[in-house]
Amino acid sequence: MSAPDPKFVRPPSELRQLWLSRLRAFVREPGVIFWVFGFPLVMSVVLGLAFREKGPERFPVVVVEEGAGTGALGKALRASPLLAVTDAPLPAATASLARAEALVLVRAGATRPELSYDPTRPGAEAAAALVRLSLLPPPAEGAPPTVDTVPVTTRGRRYIDFLIPGLLGIGLLGGGIWGVGYEIVSMRVKRLLKRFVATPMSRPAFLASFAIHRLTVAAAEATFLLLFARLVFDVRLQGSLLDVVLLSLLGALSFSGLGLLVACRARNMETANGLMNVATLPMWLLSGVFFAATNFPSWMRPVVKALPLTALNDALRAVINDGASILSCGAEVGVLAAWGLVSFVLALRLFRWQ
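This is the structure:
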């Protein structure tokens, strides 16, 4: 048996030094440490707060305020610990059912109570069954029903209807922060920005060109996603397409301003990656993209409402699913405009070519 070639023999000390060098390189990268150790902790805290133990689930029910039997209906329903009962006039009660704020609408009816609910909505059938049990004992076999049921199907209340505006929002967020910020830092790393110093180009014109580019892409992005959702999932636009496009443009401007601010001083890709993750991660988790922001505790909601992606998602859902106009989304428009204006002004003051 021939002796092994000495050049393939590695003493244990060499392997140990190689391992230690890899370990030192890992420790020197804060971004890597965060994604390995910090990100799972952040996810566990945020999702733990959103889906914390709240006790038995209570199904929202609205009772129409009309007729002499309304008080008796409300009293019987409130006796159930699994029902959250509110009273409202017929227009408000109907709107509450349409917005999924209530799963079941209860009216006194001419001869017996009348229930209205969407059987395709998660939890509606269970809520209707609890309402029936709370109002009257089960009828004898062969007896006529003691409660009239009026199934209704409301568009815009499926999970996919909730999800599509959120996906449009995070698409605009990613394009604004990563698309704009990454490109500027890449140009700085390649020393392309340094060459612009010798040209008559102004900083406002240079930075505004990125925002204008995002406006063009945002309009196409919104139209494409809505068309895809309509053809594949039958997600129908209840409001104006123009309002959706205008909100998308405003969101693109706001996120582009954040992208410019993140990239205005970053000198390398590692720094830029860290800053862009810091800017986007809280909004991915808190802004109601995949589940409603109302799942968070009440003390967190003012912070969540102040985030630009939350404002954009809420406004898009109001227009797409509820048929609202952009004029009725004044608070959300104000939040987006404030974030965009402040971040763009700061980026303009802090930007450096080198």
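Its first residue numbered 937, the sequence shown is counted upward by one per residue in this note's numbering. Positions of the beta carbon are idealized from the N, C-alpha and C atoms, including for glycine. Bear in mind the structure is a predicted one, so any value in this text is a computation, not a measurement.
**Request:** Measuring alpha carbon to alpha carbon, tell me which of ALA1015, THR1047, ARG1139, PHE1098 ends up nearest ALA1036.
**Result:** Your numbering for residue 1036 matches position 100 in the sequence shown. Out of ALA1015, THR1047, ARG1139, PHE1098, PHE1098 has the C-alpha closest to the C-alpha of ALA1036.
**Item:** GLU1268 burial status per 10 Å Cβ neighbour count (16 or more: buried)
**Value:** Indexing the sequence shown from 1 puts residue 1268 at position 332. By the neighbour-count rule (16 or more Cβ atoms within 10 Å), GLU1268 is buried.
**Message:** Check for me: the beta strand (DSSP E) holding ARG1291 runs from which residue to which?
**Reply:** Residue 1291 cannot be examined here, being either before or after the span of the chain that is shown, 937 to 1290.
**Prompt:** Does the distance from the C-beta atom of LEU1272 to that of SER1190 stay below 8 Å?
**Reply:** Taking the sequence shown and counting its residues from 1, one reaches residue 1272 at position 336. Taking the sequence shown and counting its residues from 1, one reaches residue 1190 at position 254. Yes, they are a contact pair.
**Asked** From which residue to which residue does the alpha helix (DSSP H) around THR1030 run?
**Response** In the sequence shown, residue 1030 corresponds to position 94, counting from 1. Note, THR1030: alpha helix (DSSP H), 1026-1034.
**Prompt:** Is the segment 1206-1216 close to the segment 1112-1119, with three or more CB pairs under 8 Å?
**Reply:** yes
**Request:** Return the CA-CA distance between ASP1179 and VAL963, expressed in angstroms with no decimal places.
**Result:** Within the sequence shown, residue 1179 is the residue found at index 243, counting from 1. Within the sequence shown, residue 963 is the residue found at index 27, counting from 1. Rounded to whole angstroms, ASP1179 to VAL963 spans 48 Å at the Cα level.
**Request:** Assign TRP1275 to buried or exposed, taking buried as 16 or more other Cβ atoms, counted over all protein chains shown, within 10 Å of its Cβ.
**Result:** As a first step, residue 1275 must be located in the sequence shown, where it is residue number 339. It counts as buried.
**Message:** With a threshold of 8 Å, are at least 3 pairs of Cβ atoms found where one atom belongs to the segment 1099-1108 and the other to the segment 1217-1232?
**Reply:** yes
**Chain-order list of residues whose beta-carbon lies under 8 Å from that of PHE995 (same chain, five-residue window excluded)** = Numbered from 1 along the sequence shown, position 59 holds the residue referred to as residue 995. So the qualifying residues of the chain are LEU1018, LEU1019, ALA1020, LEU1039, VAL1040, GLY1059, ALA1062, ALA1063, LEU1066.
**Message:** Taking the alpha-carbon of SER1138 as reference, which of PHE1232, ARG958, ARG1288 has the nearest alpha-carbon?
**Reply:** Taking the first residue of the sequence shown as position 1, residue 1138 is located at position 202. Answer by Cα proximity: ARG1288.
**Prompt:** For LEU1277, which of ALA1144, LEU1129, LYS1126, TYR1095 has the nearest alpha-carbon?
**Reply:** Translated into positions along the sequence shown, residue 1277 becomes position 341. For LEU1277, the nearest C-alpha among the options comes from ALA1144.
**Request:** Tell me whether ALA1079 is buried or exposed, calling it buried when 16 or more other Cβ atoms sit within 10 Å of its Cβ.
**Result:** In the sequence shown, the residue the question calls residue 1079 occupies position 143. Its pLDDT being 44, under 50, ALA1079 is placed unreliably by the model, and nothing is read from it.
**Request:** Could you tell me whether the segment 1146-1160 touches the segment 1184-1201, using the rule of 3 or more Cβ pairs below 8 Å?
**Result:** yes
**Request:** With a threshold of 16 other CB atoms inside 10 Å of the CB of GLY1193, please say whether the residue is buried or exposed.
**Result:** As a working mapping, residue 1193 is identified with position 257 in the sequence shown. GLY1193 comes out buried.
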